[in-house]
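Protein chains in written order, with the working numbering: chain A, 23 to 398; chain B, 23 to 398.
Next up, the structure:
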């Protein structure tokens with residue numbers, strides 16, 4: 023009677039030994055498995071209630087990843103994107119009431135031609151996902167300001183408990199001074215309702231010299247955003263230049279300093295703006311990195327698979343080629359653990375799966391979705 | 023009594039579903055598993071008798087891959103390489119009598135400074151692998167001719183039953199006419215003994231106007247080579263320009279035509295050399311590709327895991343991002359199957375494992391070793 027068990031155990035060993043590579047961490051050895059591969063520059067991941075995933079490919083495709091890792095054909099209905107430089111299809115998130123309304127939000131660099139110039143601006147759309155296709159695709163926000171030629175789109179979306187949406191936007195690299203101008207959307211985090219209208223309690227509502235969608239400003243290239251699971255507040259990460267990546271907790275109407283103050287320097291080594299890192303009227307980050315790691319997607323960890331890591335903030339790193347875990351005490355960062363550098367992967371997004379594992383996407387022409395779980 | 027079995031089966035399902043992605047092929051669905059990852063631009067793979075593998079990283083590191091996928095520290099003793107452009111540490115193979123003599127051969131772009139210019143030339147070394155380190159490292163061949171600034175090193179090694187070694191070499195891209203000159207080693211396949219001396223039956227031995235190491239000439243950038251398992255003959259693949267990749271069976275003393283004849287055109291669309299694809303005194307490939315696929319490492323398949331594929335020739339493709347299977351009838355190519363394009367990986371090398379599976383290495387900053395086996 024024991025042989026079938028032994029057989030099953032042997033099968034288990036046989037089919038999984040090829041994946042036995044493990045990686046050190048403060049929570050014990052980590053097993054990293056490839057959930058899906060061959061994804062062209064994946065940018066963002068969103069879990070569907072049935073355990074499947076949505077994944078964006080930066081060149082402009084949205085796909086569904088089956089539980090066995092098979093990729094669907096690209097879903098019809100994604101608007102044309104400006105797939106130049108860092109631009110293309112970026113974040114995707116499910117509406118809080120997705121189970122009822124099947125609504126998703128996604129953002130992208132939208133191609134715009136002005137005179138003889140074509141460039142990109144960030145846009146956000148909503149759509150209904152039914153029978154594995156997109157219906158009722160509607161652009162609910164279009165950025166105003168100078169075009170990007172491929173740099174610094176930002177482009178993370180998060181939704182708060184009141185259903186409002188935050189969208190982070192970069193300053194297009196070539197237009198850094200725009201981040202201080204309230205008359206445009208570059209270098210800003212905006213807050214809108216799910217229908218694209220402006221919440222009446224936004225900080226600049228009613229002012230003639232400011233865009234009403236603006237929540238906070240003075241941002242450089244914010245590519246990570248998440249809602250704190252206890253306080254409900256927005257947290258974001260952004261790329262500094264040579265040094266000066268930041269974690270901020272953006273408050274309404276506040277100025278986060280770019281390109282006036284910064285903990286880094288320009289790529290050529292010259293000082294940024296004032297040459298100072300602090301200035302009255304401008305906010306300080308709760309954490310900064312020198313040298314830069316290029317933080318990307320981020321996620322608060324509240325699940326049970328890694329009990330030691332409950333309450334941590336995870337962020338991927340592109341240039342840093344790693345997963346970073348920040349330990350927190352309220353709104354203070356108390357520690358940093360650098361993980362999975364051995365993979366040498368540019369980590370573009372981090373999400374916590376329904377199973378409590380961490381899911382990463384790798385920014386690569388042959389990108390993958392990786393599952394990170396305790397090695398057992 | 024059934025519950026332990028069910029539990030084991032459930033465990034099996036749980037721990038392996040993440041790897042269930044399969045790919046279509048003429049031999050049924052293929053399962054592709056990641057054996058090791060985080061390898062920086064791996065170039066070549068060689069199985070050790072104990073089931074471990076040697077892997078080269080183009081920047082200049084040789085590592086041992088344990089059966090569980092763990093990478094060793096870089097082995098001491100690898101000479102400094104010219105890690106510029108396509109250059110660096112390239113192929114590695116075991117001596118036919120490795121079990122007795124622990125000898126390996128590897129080739130690399132060697133940095134050379136002449137006056138104010140530093141560039142690279144292909145070199146081949148032998149060493150003894152003992153206790154996971156290299157001893158008695160000795161360069162047994164150094165290419166003569168103009169320096170490379172990073173292009174077209176070729177660099178595959180194969181050993182024949184008489185222990186002689188073939189080494190393929192490119193024409194450095196900037197020195198294409200050298201491929202027709204017998205006074206230097208660019209664009210040549212050479213044949214030497216394991217101690218670096220010249221076999222007396224080499225075709226140009228005794229001629230004043232030719233290098234005695236030369237076996238065949240007129241090659242562009244030969245990056246794949248293997249010995250036919252039945253005939254014992256050398257087969258090679260090489261990169262054409264825009265179109266014109268080739269499979270050849272190089273005969274001693276013969277001219278393979280580059281840059282005089284070619285099935286492709288220059289990258290700017292202009293004709294190559296004579297503008298013709300055939301010419302008296304120059305050999306024809308047994309297969310050519312237009313457009314180019316950029317063929318890399320190759321292997322004849324003689325194992326039993328894929329009975330249908332016995333006798334096939336496999337080659338990786340870089341630009342083509344796939345594994346190519348050629349069906350053969352003697353020395354004729356009768357068919358071509360294109361596999362695993364869904365992975366979007368630049369396949370740099372293909373080897374057949376002791377288990378009969380195909381092992382691929384992916385040319386990527388976060389490169390992997392992949393095992394390809396029937397999905398069961």
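Where is the CB? At the ideal position from N, CA and C, for every residue including glycine.
Looking at the structure shown, is residue i part of a helix, part of a strand, or coil, going by DSSP?
| i | result |
| --- | --- |
| residue 364 of chain A | helix |
| residue 270 of chain A | strand |
| residue 183 of chain A | coil |
| residue 245 of chain B | strand |
| residue 398 of chain B | coil |
| residue 385 of chain B | coil |
| residue 331 of chain B | helix |
| residue 229 of chain A | coil |
| residue 407 of chain A | Lying outside 23 to 398, the shown extent of chain A, residue 407 of chain A is not represented and no answer is given. |
| residue 321 of chain B | strand |
| residue 129 of chain A | strand |
| residue 369 of chain B | strand |
| residue 312 of chain B | coil |
| residue 336 of chain A | strand |
| residue 258 of chain A | strand |
| residue 27 of chain B | Any reading at residue 27 of chain B needs caution, since the residue's pLDDT is 47, under 50, leaving its predicted position unreliable; the model's value is listed next. Residue 27 of chain B falls in the helix class under three-state DSSP. |
| residue 264 of chain B | strand |
| residue 358 of chain A | strand |
| residue 35 of chain A | For residue 35 of chain A, the predicted model reports a pLDDT of 42, less than 50, meaning its position is unreliable and no value from the coordinates is stated. |
Anything in chain B within Cβ reach of residue i, meaning under 7 Å, just list it in chain order.
| i | result |
| --- | --- |
| residue 312 of chain A | Within chain B, no residue comes near residue 312 of chain A; the closest Cβ sits about 24 Å away, beyond 7 Å. |
| residue 319 of chain A | Neighbours of residue 319 of chain A on chain B: none; closest Cβ ~17 Å, over 7 Å. |
Just curious, the alpha helix (DSSP H) that residue i is in, first and last residue?
| i | result |
| --- | --- |
| residue 121 of chain B | 120–123 |
Counting only Cβ pairs nearer than 9 Å, list the residues of chain B close to residue i.
| i | result |
| --- | --- |
| residue 202 of chain A | Under the 9 Å cutoff, chain B gives no residues; its nearest Cβ is about 36 Å from residue 202 of chain A. |
| residue 386 of chain A | 366, 386, 387 and 388 |
Looking at residue j and residue i, is the spacing between their C-beta atoms short of 8 Å?
| i | j | result |
| --- | --- | --- |
| residue 189 of chain A | residue 239 of chain A | no |
| residue 284 of chain A | residue 303 of chain A | no |
| residue 383 of chain B | residue 67 of chain B | yes |
| residue 225 of chain A | residue 167 of chain A | no |
| residue 311 of chain B | residue 201 of chain B | no |
| residue 49 of chain A | residue 80 of chain A | no |
| residue 313 of chain B | residue 337 of chain B | no |
| residue 127 of chain B | residue 179 of chain B | yes |
| residue 53 of chain B | residue 91 of chain B | no |
| residue 348 of chain B | residue 341 of chain B | no |
| residue 145 of chain A | residue 159 of chain A | no |
| residue 395 of chain B | residue 327 of chain B | yes |
| residue 368 of chain A | residue 381 of chain A | no |
| residue 333 of chain A | residue 372 of chain A | no |
| residue 111 of chain B | residue 143 of chain B | no |
For a contact meaning CB atoms closer than 8 Å, what does residue i contact in chain A?
| i | result |
| --- | --- |
| residue 78 of chain B | Going along chain A, no residue has its Cβ under 8 Å from residue 78 of chain B, so there is no contact; the nearest lies around 15 Å. |
Could you give the first and the last residue of the continuous beta strand (DSSP E) run that contains residue i?
| i | result |
| --- | --- |
| residue 343 of chain A | Counting along the chain, residue 343 of chain A falls outside any beta strand (DSSP E), and DSSP gives it neither H nor E. |
| residue 238 of chain B | 236–239 |
| residue 155 of chain A | 155–164 |
| residue 60 of chain A | 52–61 |
| residue 215 of chain A | Premise fails: residue 215 of chain A is in no beta strand (DSSP E) and is neither H nor E. |
| residue 147 of chain A | 139–152 |
| residue 66 of chain B | 64–69 |
| residue 280 of chain B | Segment: none, residue 280 of chain B is in no beta strand (DSSP E) and carries neither H nor E. |
| residue 287 of chain A | Note, residue 287 of chain A: premise wrong, no beta strand (DSSP E); not H, not E. |
| residue 79 of chain A | 75–79 |
| residue 83 of chain B | 83–87 |
| residue 111 of chain A | 111–116 |
List, in chain order, every chain B residue whose beta-carbon is nearer than 8 Å to that of residue i.
| i | result |
| --- | --- |
| residue 58 of chain A | 43 |
Under 9 Å between beta-carbons, which chain A residues line up against residue i? List them in chain order, please.
| i | result |
| --- | --- |
| residue 62 of chain B | 366 |
So does residue i have its beta carbon nearer than 7 Å to some heavy atom of the ligand SAH?
| i | result |
| --- | --- |
| residue 50 of chain B | In the structure shown, the ligand SAH is absent, as is every other ligand, since no ligand is present at all. |
Using a Cβ-Cβ distance under 8 Å, would residue i count as near chain C?
| i | result |
| --- | --- |
| residue 132 of chain A | No chain C is part of this structure, whose protein chains are labelled A and B. |
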